[in-house]
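Visitor: Okay, here's the structure, questions in a sec.
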């Protein structure tokens with residue numbers, strides 16, 4: 026995969042995450058006695074899959090950038106983190122603003138008790 030293609034896929038995945046975030050927050054707000062418009066578990070599962078894809082793309086892009094030669098004596102080989110888990114991708118548990126704590130399953134990389 027070329028870098029330009031990976032950057033395009035990253036932008037698409039980022040847009041999908043934002044759309045899912047909006048749908049999850051909208052789905053979480055409904056009156057007592059009403060049924061949610063979408064299945065919350067399915068939305069969260071889809072968000073998890075997209076976040077996994079986004080994390081993989083970010084790691085691959087960072088790895089490519091870390092070894093790219095700029096010129097004959099210059100390289101970008103610096104200490105780019107290629108890991109960090111989902112906390113780096115989503116901003117930790119704060120990735121779902123507008124939801125009450127506990128509304129999103131504890132699948133993020135932030136240690137328990139720090140959210």
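Residue numbers (my numbering): 26 to 140. Glycine included, every Cβ here is placed at the ideal spot set by N, Cα and C. It should be emphasised that the depicted structure is a prediction, and the values quoted were computed from it without experimental measurement.
#1: Could you give the DSSP three-state label for residue 44: helix, strand or coil?
#2: Given a cut-off of 8 Å on the beta-carbon distance, is the pair residue 51 and residue 82 in contact?
#3: Three or more C-beta pairs closer than 8 Å, one from the region 67 to 78 and one from the region 29 to 49: is that the case here?
#4: Express the C-alpha separation of residue 29 and residue 38 in angstroms, rounding to a whole number.
Guide: Considering the structure as presented:
#1: Of the three classes helix, strand and coil, the one that applies to residue 44 here is helix, per DSSP.
#2: Not a contact, by the Cβ cut-off of 8 Å.
#3: Short answer: they touch.
#4: Counting only the Cα atoms, residue 29 lies some 14 Å from residue 38.
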